[in-house]
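Numbering (the working numbering), first residue to last: 35 to 353.
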C-alpha cells in the first residue's frame with residue numbers, strides 16, 4: 035500500500051487574491067451595519083484524483099473562514115453514460131469533517147466504517163473523521179447508467195480540539211432536514227444554522243451556518259449574522275455586488291471582517307451563491323494533507339496510525 039506516498043502528495047495550498055471591480059452605477063443601498071469586505075479571492079482549477087474542482091481556499095485565511103478550512107467546488111462536468119466514474123481513490127482524514135453537498139447528479143461514498151451508499155441532488159453528508167478513517171468518493175450509479183451533470187461542493191469543517199480524537203462517524207441528511215425560504219425574488223436553503231424563520235436540523239460540534247442562495251435579476255438581500263462570527267461568500271454563478279460597491283463574479287470568494295452584522299448582497303443578474311461562516315475556533319491549526327490537528331505531535335500520531343492500518347485499508351476500499 036502506497037500510504038506514505040499518498041500523504042506526501044496531498045499538501046493543501048492557498049489561492050490568489052484579486053481586487054473586486056467597483057460598480058459605477060450601484061443597485062445597492064449601503065447599510066451602516068454592513069459587514070466590511072476584507073478581500074476577494076479567486077479560486078483555481080485543479081484535479082483531485084480524476085475529479086476537476088475549483089478550489090477557493092485550503093488551509094489559509096483561517097482568521098476569516100474558521101471553523102471551515104477548505105472549500106472545493108466539484109464540477110459542473112458532464113458525465114457520459116457508461117464512462118469510467120470520476121473518482122478520488124480511498125484516502126484518510128483525521129481531525130476534520132469533510133462535508134459534501136450535491137447540486138446535480140449522484141455520488142458514491144464508501145468508507146472504512148462499513149458505509150457504502152449513493153447520495154444525490156440536495157443531499158448533505160458529514161464525514162466526521164475524528165481520530166481517523168478512510169473513504170472513497172466517485173460519481174454515482176445513476177450517472178453511470180444514464181449520464182448527466184455532476185456538480186456539488188466538498189467543504190471541510192475543522193473539528194474543535196476536544197473532539198479531534200473522537201470515534202469517526204458518517205451521516206447523510208436529506209432535503210427534509212433543511213428548511214428552504216422561497217420568495218418571488220430569491221430562495222435560501224438553510225443547509226446549516228438558521229436564518230429568519232428557517233432552520234437546519236443538522237447538529238454540529240461548534241456553531242456554523244451554510245446558506246445556498248439563489249437571487250433573481252435586480253434583487254437585494256440583507257443577511258443578518260452574528261458580528262463575532264466569521265462569514266464568507268462564494269459566487270457559484272452570476273455576479274454579486276457587495277459592500278463597498280465591489281462587483282464579485284463567479285468562482286470568486288468574498289471574505290468579510292468581523293464586527294458588523296448585516297451582509298448586503300445585490301444581484302444585477304440571476305445569480306447563485308453559497309454564504310458560510312460560524313464561530314471561529316481560535317485554536318492553532320496544523321495540517322498535513324488530509325489531517326487537520328492542533329500541533330505537530332498529533333500530526334505525527336495520525337501518520338503513524340495510518341501507516342499501521344489503524345484507520346483502515348485503502349486497498350480494500352479501492353477494489
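Ideal Cβ positions, reconstructed from N, Cα and C, are used throughout, including at glycine.
For residue 115, the secondary structure class from DSSP, reduced to helix, strand or coil, is coil.
Counting only residues of its own chain and dropping the five nearest sequence neighbours on each side, residue 137 has a CB closer than 6 Å to the CB of 185 and 186. Of all C-beta pairs linking the segment 158–169 to the segment 188–208, three or more are shorter than 8 Å, placing the two stretches in contact.
Inclusion of residue 255 and residue 220 in the CB contact set at 9 Å is warranted, their separation being smaller than that value. By DSSP's assignment, residue 317 forms no beta bridge with any residue. Residue 264 places its beta carbon less than 9 Å from that of residue 99.
Listed in chain order, the non-local C-beta contacts of residue 267 below 6 Å within the same chain comprise 288, 307 and 309, local neighbours out to five positions each way being set aside. Rounded to the nearest angstrom, the gap between the Cα atoms of residue 319 and residue 130 is 11 Å.
In this structure, DSSP gives residue 238 a state outside helix and strand, which the three-state scheme calls coil. Here the alpha carbon of residue 339 sits roughly 38 Å from the alpha carbon of residue 270. Approximately 14 Å separates the beta-carbon atoms of residue 198 and residue 345; this is outside 8 Å, ruling out the contact. Looking at the DSSP output, residue 126 shares a beta bridge with 168.
Between the alpha carbons of residue 236 and residue 116 lies a gap of roughly 35 Å. By the neighbour-count criterion, in which 16 or more other beta carbons inside 10 Å mark a residue as buried, residue 79 falls on the exposed side.
Of the candidates 241, 305 and 231, 305 places its Cα closest to the Cα of residue 252. Excluding its 5 nearest sequence neighbours in each direction, residue 225 has C-beta neighbours in its own chain below 8 Å: 135, 158, 212, 234, 236, 244, 245 and 246, listed in chain order. For residue 90, the closest of 241, 349 and 106 by C-alpha to C-alpha distance is 106. When the Cα atoms are used, residue 329 and residue 313 turn out to be separated by approximately 21 Å.
Note on geometry: alpha-carbon atoms of residue 181 and residue 335 lie some 42 Å from one another. When the five nearest sequence neighbours on each side are left out, the beta carbons in the same chain lying within less than 8 Å of the beta carbon of residue 68 are those of 277, 294, 296, 297 and 298, in order along the chain.
Distance from the Cα of residue 257 is smallest, within the candidate group 222, 272 and 281, for 222. Residue 228 is bridged by DSSP to 233. Around the beta-carbon of residue 179, fewer than 16 other beta-carbon atoms lie within 10 Å, marking it exposed.
Taking residue 84 as the centre and dropping the five residues before and after it, the same chain places the C-beta of 120 and 121 closer than 7 Å to its C-beta, in chain order. In the displayed model, residue 186 falls within a strand according to three-state DSSP.
Proximity to residue 112 across 174, 150, 284 and 128 peaks at 174, based on C-alpha coordinates. Between residue 239 and the set 164, 262 and 145, the nearest pair of CA atoms involves 164.
Rounded to whole angstroms, the separation of the alpha carbons of residue 147 and residue 275 is 44 Å.
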